[in-house]
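Each remark here refers to the structure printed beneath this line.
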Amino acid sequence: MIILRLAWQSLANRWLTATLTILAIAVSVMLLIGVEKVRTGARQSFADTISGTDLIVGARSGALNLLLYSVFRIGNATNNITWKTYQEISKAPDIDWIVPISLGDSHHGFRVMGTTTDYFKRYHYRRTHTLEFAEGKPFSDLFDAVIGADVAAQLGYKIGDRIIVAHGLGSTGFLEHDDKPFRVSGILAKTGTPVDRTVHVSLEAIEAIHVDWQSGARIPGQSVSADEVRKMDLTPTAITAALIGLKSKLAIFRLQRAINEYRVEPLSAILPGATLQELWGLVGTAETALAAVSAMVVVTALLGMVTMILTTLNERRREMAILRSVGARPATILSLLVAEAALLIVLGALTGIVLLYATLIGLQPYIDRVYGLYIAIEPLKSSELISLGAIVLAGVLAGLLPALHAYRLSLADGMTVRN
Amino acid sequence: MAAPQIKAVAPIAAPDIVAMSGVRFAWSSRDSFRLAIDDFTLQEGERLLLIGPSGSGKSTFLSLLTGIVTPQAGCINILDTDIAKLSGAARDRFRGEHFGIIFQMFNLLPYGSVIDNVLLPLSFSSERRKRATAKGSAEAEAARLLTELGIEVSLIAGASAASLSVGQQQRVAAARALIGAPPIIIADEPTSSLDRNRQQAFLDLLFAVVAEAGATLVMVSHDESLAPRFSRVAPLTDIARTERGGGQS
C-alpha cells in the first residue's frame, strides 16, 4: 500500500535520528533485562556454590555470618568448636558424612583452610559437580597443600612449589609460619566458586604450624622445628565449622535443633539454602534500587523517542497537509505516527535483546573468571517478556503524545501550513 | 449524486457545481479572524481566478470549500451534497473523491518516488481509482498524465520527488491532482514559486489537462496578470466578507 510505503520512506528519510532512537531504546532494554539476568545469575551462582550439604555447624553466631565465612570465605568466625564437641556431633546416627574445616590463616590474600581429604569427595557445587584435580593429588604428607585454580593461576604455582602460610588474613601479614613451609601437592580444576581461591591443607597441618603459638603470636623462646613437630600428637584442639550430609533429609530439622540446644558448648547449625534466602532478603533493597534505576533509563529513552518525533513534526506538517488534501483522515495521520513510534520501540526492544545476548555470550567467561559468577544463558523468562511487553506498550502510549499533537496541527492547519 | 459529465465547456448552461449560502466561519482556537459568505456559486467547467493579497482569507475559503474545516452556520453544497453536514470522516472521503488540490509549494512527499506521489490519492478514493484504471493500470494513467505535463519518462520510474526542480515538482503535483479525474481542481498559488516563463508553461499545461478532463478549476493568486486565461475573475472581497475582530489576545 502506497501510504505505508510513503510512511516507511518518511522514516527512512530520517534514518540517522531513527537509528539513534532505536539504539537508545535498545541500550535501555538491554540494561533493564541485563540487570534482571545478572541478578538471577548471581543468585543462582551463590546457590550453586554449595550443594548436597544439609547443615553447617559452627560456634554460635548469626546464620548469615556462619554461612559467609564457612562457604564464601567472607568475614571471620567469632569462635571455634572444640574437637571434643565435633566428635560428639559426628556420632549422631542421622549423619551420613561430616567434614571439619579450620580457617584463620592466609597465603597472599587467599584463605588457607584446614580440612580432611573427605572434603574433596563431599563438597558439591552446581548441584552435582564434585571437585576434580587438574593436577596432582590430595594432601598426603603433613605439609602438603592443595590449591584452588585461581590461586594457581594468579600466583603461578606448579606442583612441588613451596609456599609459606601467613598467620591471620591480611594479604601482607608479616607474621608468617616461615619455619614450616608447605609443598603444593595438587591443583584443583576451576569451579567458579570460592574453592578456586582457597589453599587447602590438612587439619593436622593447621595444628602443627600453631604448636609454638599462643594467642596469635609465637611463644617467645619456644620454637618447634618442622621435623620435631611431625613426632608430636597433632590431634586438633578446635575447628572452625563442619559441613554435614545426612542420610535422610527428614532428619535435618531434628539434628539442627539438637545441635542448637547442645548444652556443653553454644553452637549454631544452619541450612545453607534457607540462609541464602535470608541473604537475598537483605540485598533485595539494593536490587530494587537497581531495577528502579534501569526502569528510569527506559523512561529516558522513551522520552528521547517522543522528543525525536516531536522535533520532526514541524517539518512534517506539509507532509500531513498533503495527506489531508488527498483525503486522509486525521485519524489516519494519528495512526501513522503511532505506528512509527511502535515500529521504533519494537525494533529498539529487539535490538536490545540481541545486544544483551551478544554481551552475555561475550562476557560470560570473563565474569566467571573474575567474579566467580556463572551467568547462565537461557531464553527470556515470562517475567522478562512481560517487562518487554510493558516497554512496548509504554512506547506506543508515549507515541500517542506527538501523534495527538500532529492530529491537532493537521486539524488547525487546514489547507496551508502555518508557522 | 454525481453531476453529469459535460465535456464541452458551456458556462452559461452549466449547472452549479458549488453553491454556498449563509456561511459563517471563525477559527476557534486562534485569532478572532471571521469569514462570511452570503452567496457564492460555481458552475461546472468554470475557471475561476480568486484574487487577494495574502492574509485576506483565501486559505480559509479554500479550507471551507474542500471541507477541511466546517462553518459554524450555512450550507456548502458541492455536487448536491451539503458537506457542512457531513461527518469529519465523510468530508475527508468526499474531498479525496471530488477534489484535486495543488499547493503553492512543497507539494510532494520529498522522499517518495514520483509515481507514488501521483498515485497517492487513489489510496483514499475508490471512484478515482476506478476512473484511473478504466483504460488500463493506474501506473499507466499516471505515466500518461506525467508525460502530458512534460515529465520525462526516465524521471517517472525511479526518481524521488526531492530530486526534481521546482517546476517539475509543480507539474507532478498537477498530475496528482488530476489523476482519477476529480470534478474540481483547486490550485493555491501554484505558480508563485516559478519564474515568468515557467509560470506560463505550467499554466498552459494545467489548462490543457483540466480541459481534457472536463474539470472545474478554482485558482487562487495575488497575481492579476493571470486574469485573461480565466473564464471568471473575482477578488475574494466580492465573495466573502472577512473581519479581524478587536481585542485579540
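The listed protein sequences derive, respectively, from chains A and B. Heads up: the first sequence is residues 8 to 426, going by this note's numbering. Heads up: the second sequence is residues 283 to 531, going by this note's numbering. We put the beta carbon where it would ideally sit given N, CA and C, even for glycine. Please read all numbers here as calculations on a predicted model, not as lab measurements.
Just how far apart, CA to CA, sit A25/A and A410/A?
-> 16 Å
Any idea what DSSP makes of A284/B, helix, strand or coil?
-> With a pLDDT of 48 at A284/B, under the threshold of 50, the modelled position of that residue is not reliable, and the figure given next carries that caveat. Coil at A284/B, not helix or strand.
Proximal chain B residues relative to N20/A, where beta-carbon distance stays under 7 Å | Y393
Would you check if the distance between the CB atom of G402/A and the CB atom of M303/A is smaller than 8 Å?
-> no
H380/B lies in the alpha helix (DSSP H); which residues open and close that run?
-> G370 to H380
Check whether R118/A and R67/A have beta carbons under 8 Å apart = no
Find out if the Cβ-Cβ distance for the pair S279/B, L331/B is shorter than 8 Å.
-> No answer is possible for residue 279/B: it lies beyond the span of chain B, which begins at 283 and ends at 531.
Counting only runs that start and end within the segment 140-214 of chain A, where is the alpha helix (DSSP H) found for 4 or more residues in a row?
-> 156-162
For G121/A, which residues from the same chain have a beta carbon less than 6 Å from its beta carbon, with the 5 sequence-adjacent residues on both sides left out?
-> S109, V208, L210 and I213
Selection of the segment 340-358 of chain A by Cβ proximity to chain B, strictly under 9 Å | none
Unbroken beta strand (DSSP E) run spanning D101/A, endpoints = No beta strand (DSSP E) holds D101/A; DSSP gives it neither H nor E.
Any C-beta of chain B sitting closer than 8 Å to the C-beta of A335/A?
-> yes
Proximal chain A residues relative to L361/B, where beta-carbon distance stays under 7 Å = Neighbours of L361/B on chain A: none; closest Cβ ~15 Å, over 7 Å.
Output the distance between the C-alpha atoms of G199/A and T123/A, rounded to the nearest integer angstrom.
-> 22 Å
Within 10 angstroms of its Cβ, does P392/B collect 16 or more other Cβ (buried), or is it exposed?
-> buried
In whole angstroms, what is the alpha-carbon distance linking I461/B and V396/B?
-> 13 Å
Counting along the chain, where does the alpha helix (DSSP H) carrying R478/B start and finish?
-> R478 to A495
Who are the Cβ neighbours of V345/A in its own chain at under 8 Å, not counting the five residues just before and after it?
-> V403, G406, L407 and A410
Should S303/B and D321/B be called a contact, given that it needs their Cβ atoms to be closer than 8 Å?
-> yes
Compile a chain-ordered list of the residues in the segment 483-514 of chain B whose CB is closer than 9 Å to at least one CB of chain A.
-> none
Can you grab the Cα-Cα spacing for the pair I299/B / I468/B, in whole Å?
-> 13 Å
Per DSSP, what kind of secondary structure is L253/A in: helix, strand or coil?
-> strand
If you measure from the beta carbon of I383/B to each beta carbon in chain A, is any gap under 8 Å?
-> yes
Using DSSP bridges, identify the partner residues of P386/A.
-> Paired residue(s): none; P386/A is not in a bridge.
Could you please give the first and the last residue of the uninterrupted beta strand (DSSP E) stretch that includes R118/A?
-> F117 to T122
Would you please verify whether the beta carbon of M8/A is less than 8 Å from any beta carbon of chain B?
-> yes
Starting from M501/B, follow the beta strand (DSSP E) in both directions and report where the run begins and ends.
-> T498 to S503
Meets three-Cβ-pair contact criterion under 8 Å: the segment 44-57 of chain A and the segment 281-288 of chain A = yes
Cα separation between L557/B and A299/A?
-> Only positions 283 to 531 of chain B appear in the structure, and residue 557/B is not among them; the question remains open.
Can you say whether E385/A is buried or exposed, counting buried as having 16 or more other CB atoms within 10 angstroms of its CB?
-> exposed
Looking at the unbroken beta strand (DSSP E) that takes in D298/B, where does it start and where does it end?
-> D298 to A308
Return helix, strand or coil for Q325/B, following the three-state DSSP convention.
-> strand
L368/B versus P297/B: straight-line alpha-carbon distance, rounded | 22 Å
Find the residues of chain B that neighbour R204/A, judging by a C-beta separation of less than 7 Å, and give them in chain order.
-> None at all; the shortest Cβ gap to chain B is about 60 Å.
Taking C-alpha atoms, which residue in V353/A, L262/A and T56/A lies nearest to A99/A?
-> L262/A
Taking only beta-carbon positions, decide if T524/B is within less than 8 Å of chain A.
-> no
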